[in-house]
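Comments concern the structure below.
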Amino acid sequence: MPAREPAPLGAPIWIDLASGDTARAADFYSALFGWTASEGRPEYGGYVTFSKDGSMIAGMMPNHPGSGFPDAWGTFFAVADSGATVASVEQNGGRVLVEPMTVDVQGTMAVFVDSTGTTFQTWQPDQNTGFELSREHGTPAWHELVTHDYTAAIDFYRTVLGWETRVESDTEDYRYTVHVADGVDRSGIEDGSRGGAAAAAAGDGATAPASWVVYFWADDVDAAVAVAVEHGGSVVDPPTDSPYGRTATVADPTGARFSLLQTMPAEG
1 MPAREPAPLG APIWIDLASG DTARAADFYS ALFGWTASEG RPEYGGYVTF
51 SKDGSMIAGM MPNHPGSGFP DAWGTFFAVA DSGATVASVE QNGGRVLVEP
101 MTVDVQGTMA VFVDSTGTTF QTWQPDQNTG FELSREHGTP AWHELVTHDY
151 TAAIDFYRTV LGWETRVESD TEDYRYTVHV ADGVDRSGIE DGSRGGAAAA
201 AAGDGATAPA SWVVYFWADD VDAAVAVAVE HGGSVVDPPT DSPYGRTATV
251 ADPTGARFSL LQTMPAEG
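Note that full-length UniProt numbering has the sequence shown beginning at 1, numbered continuously upward.
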C-alpha cells in the first residue's frame, strides 16, 4: 500500500467531514471506501477518525442543528506557525472563524475565510502529520477550489500559504491554476463562473457559493457511484471521462458532496 510522504507547507494535509448524522455517515463511507471509524471522543466533541488498513485517512465531526453550515467536506493545509497564519490571513483580506486551537499532542487547527469568502482550514502538525495513504481506493486524490473570484483567490493562497503555481489553462471556457510543491501538483483553483465538473461538485454553476472540493481515488468510478447510491447517496454529476481520468460527483446521505477520480489507463 502506498504510504504518503508528509505534506510540505501550504499543501493539503488533512480532510474532515462535518455531518449531521455521524453514525449514518460512518456506515456509508465504510461501504463505499472500506474505512473504519473510531469511537467519537467526548473530550474532542465527538470527533471521529477514519482509517483504512490501520492508516489514518480522514476525520469527522458532528454538525449540530443550528450551526448554520451545511454538511460538507473540508480541506486542511499544512502550516508551520498558526499564529503567523492568522496575521497573514487578516492582512490579506480574510478573517478568522476559529482561532488556533491545540488538539492534545496531535497539532493545532484553525478555520478561516479567505478573501473571496471561501472557508478553509489549517493544520500545524505535531504527532498527527496528516492522512497516511495515497493512490488507493478511498484515499484523498485531489483538492480543488471552485471560485467565482479566480484571480483574487490565487493571489490570496500564494501570499498566505506561500504557494507556487502553474497555469494549467487560460481559455475563454476554462481557467485553471495548479498549486505545485516539491515538484508535485497538490491542489488546484478553477474559475467556477465557467461551469464544468468541478463547479457541479461545488454547487450549481455560477450562483453556488465558492468551496473546496475533495476528490477520492476510486478503482472503478462507475461501480463506486452505484455503491454510493445503494447506501443512500445521490448522484450530482454522473461518471464522465476527462483529460485527467474518469470522474463523478456524489453526495452522501446527508448531502455532503465529494468527487471520485479514476486514473485512465495509458494509451498504447
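C-beta atoms are modelled at their ideal positions from N, C-alpha and C, and glycine is treated no differently.
Compute the Euclidean distance between the alpha carbons of residue i and residue j, then round it to the nearest angstrom.
i, j, result
"residue 112", "residue 91", "13 Å"
"residue 221", "residue 233", "14 Å"
"residue 246", "residue 22", "29 Å"
"residue 35", "residue 52", "5 Å"
"residue 250", "residue 140", "15 Å"
"residue 94", "residue 16", "21 Å"
"residue 172", "residue 193", "11 Å"
"residue 47", "residue 186", "26 Å"
"residue 156", "residue 71", "25 Å"
"residue 85", "residue 110", "9 Å"
"residue 263", "residue 143", "15 Å"
"residue 107", "residue 125", "4 Å"
"residue 68", "residue 230", "29 Å"
"residue 55", "residue 154", "32 Å"
"residue 83", "residue 241", "42 Å"
"residue 152", "residue 123", "23 Å"
"residue 101", "residue 248", "35 Å"
"residue 7", "residue 65", "33 Å"
"residue 206", "residue 89", "Note that residue 206 scores a pLDDT of 47, beneath 50, so its modelled location is shaky; the value from the coordinates is reported in the next line. Spanning the two alpha carbons is a distance of roughly 25 Å."
"residue 235", "residue 219", "18 Å"
"residue 184", "residue 60", "27 Å"
"residue 252", "residue 174", "28 Å"
"residue 169", "residue 239", "22 Å"
Tell whether a beta-carbon distance below 8 Å holds between residue i and residue j.
i, j, result
"residue 210", "residue 167", "no"
"residue 25", "residue 254", "yes"
"residue 73", "residue 136", "no"
"residue 223", "residue 32", "no"
"residue 80", "residue 133", "no"
"residue 13", "residue 130", "yes"
"residue 97", "residue 119", "yes"
"residue 190", "residue 176", "yes"
Take residue i as the anchor and find which of the options has the nearest alpha-carbon.
i, options, result
"residue 149", "180, 117 and 122", "117"
"residue 302", "181, 125 and 159", "The structure shown has nothing for residue 302, since the chain only spans 1 to 268."
"residue 87", "78, 99 and 42", "99"
"residue 244", "261, 236, 235 and 230", "261"
"residue 161", "191, 11, 183 and 75", "11"
"residue 121", "219, 77, 94 and 236", "77"
"residue 49", "5, 259, 43 and 37", "37"
"residue 40", "32, 31 and 19", "19"
"residue 42", "62, 125, 215 and 119", "62"
"residue 27", "236, 259 and 228", "228"
"residue 258", "5, 29 and 7", "29"
"residue 103", "84, 89 and 128", "128"
"residue 237", "231, 174 and 215", "215"
"residue 5", "213, 252, 256 and 182", "182"
"residue 256", "169, 105, 212 and 45", "212"
"residue 105", "184, 44 and 64", "44"
Where does residue i sit, in a helix, a strand or coil, going by DSSP?
i, result
"residue 260", "strand"
"residue 244", "coil"
"residue 120", "strand"
"residue 135", "coil"
"residue 156", "helix"
"residue 17", "strand"
"residue 232", "coil"
"residue 222", "helix"
"residue 31", "helix"
"residue 42", "helix"
"residue 79", "coil"
"residue 94", "coil"
Just checking: is the beta-carbon of residue i within a distance shorter than 8 Å of some beta-carbon in chain D?
i, result
"residue 94", "Of the protein chains in the structure, only one exists, and it is not chain D."
Our contact map puts residue i next to residue j with C-beta atoms below 8 Å; I'd like the distance itself, whole angstroms only.
i, j, result
"residue 188", "residue 178", "5 Å"
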